[in-house]
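Residue numbers (my numbering): 42 to 301.
Okay, so here's the structure we're looking at.
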Amino acid sequence: MDEILVNQNGNIATVTINRPEVKNAVTSKMWDDLTAIFTKLGYDDSVRAVIVTGAGDDFCSGADVSAMGKDENAVKLHQLEAMRKVGDCCLSLFNMPKVTIARVPGIAVGAGMNMALSCDLVVASVNARFSEIFAKRGLSVDFGGSYLLPRIVGLQKAKELVLLADVISASEADRMGIVNYVVDPEELDAKVNEIAEKASAGPPRALAMSKALLNRSFSNSLTDALDQEGTAQTFNFTTKDISEAMRAFKEKRTPDFKGW
């Protein structure tokens, strides 16, 4: 059985962590595989939106701690090298120049929670549960949690979530701004697909540049942001997509963006 599934429907790709028997926990080798998949999708012009999810009732329970002593790949690695694999996976997802959507049906804890936070949008079932569970496993936060979480919920709330390692409900996550949408389980796929379709219909280059600008916003000065916005907008004016947008506006129709 493949541990990671990749399917494409039109301009939308879905990446599924396929280990439901262990709540989609990720082995050492799978970090490399996910990095390769996310990187490839980032370069694939036929893909405009990417859904990240887990098989069955859960999203991802983080690294497979139970397999660490059995995983030959993990045993051979120095721990710092192993953690760099996790970091590479985070970067490949966070920086992917496509709209990414986390579909969270159930458990999203540890690196699994931060994988969801690395996506642009998070859609959760009311059954979803989130936790920065690391402390309960004798670990400190990883998969970008120390960067992502304070920027989403603020420093004090991030400290609470990480240091106490409590499990929170989808509604609590919604109140904190961790998720964008909370829906009933039977509505999850329809909502995710609706968002993916809307994102995939947008201008791919312009969306990629807007995403990059927003990702850099906390480290940029206003001057840096304005300079980078100017460069991005100048590029946009060279594309056929902006001409199509102008025509569509005049003709009172929805634009058909091609990516150039």
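We put the beta carbon where it would ideally sit given N, CA and C, even for glycine.
From a predicted model like this one, the values you see are computed outputs, not experimental measurements.
| query | result |
| --- | --- |
| Given A249, which residues of its chain have a CB within under 8 Å of its CB, disregarding the five upstream and five downstream residues? | P138 and K139 |
| Between P61 and I45, what straight-line distance do the alpha-carbon atoms span, to the nearest angstrom? | 11 Å |
| Would you please state the rounded distance, in angstroms, between the beta carbons of S107 and N65? I believe it to be under 8 Å. | About 13 Å separates the two Cβ atoms, so there is no contact after all. |
| What residue ranges within the stretch 203-262 form continuous alpha helix (DSSP H) runs of no fewer than 4 residues, ordered along the chain? | 211-217, 229-241 and 245-256 |
| With DSSP collapsed to three states, give me the class of V164. | strand |
| What does the Cβ neighbour count give for A231, buried or exposed, with the cut at 16 atoms within 10 Å? | exposed |
| On the three-state DSSP scale, how would you describe V116? | Because the pLDDT at V116 is just 49, under 50, the model does not fix this residue reliably, and the value given afterwards should be weighed accordingly. V116: helix per DSSP, three-state reduction. |
| Looking at the secondary structure, which residues open and close the beta strand (DSSP E) in which I53 lies? | I53 to I58 |
| Pull up the distance between the alpha-carbon of F278 and that of D297, whole angstroms please. | 16 Å |
| Apply the 10 Å Cβ neighbour rule to V208 and answer buried if 16 or more other Cβ atoms are within range, or exposed otherwise. | exposed |
| What is the DSSP secondary structure of R89, reduced to helix, strand or coil? | coil |
| Count the other C-beta atoms from every protein chain shown that fall within 10 angstroms of the C-beta of R216, then say buried if there are 16 or more, exposed otherwise. | exposed |
| Select from T80, G186, A247 and N48 the residue whose C-alpha is nearest the C-alpha of S159. | G186 |
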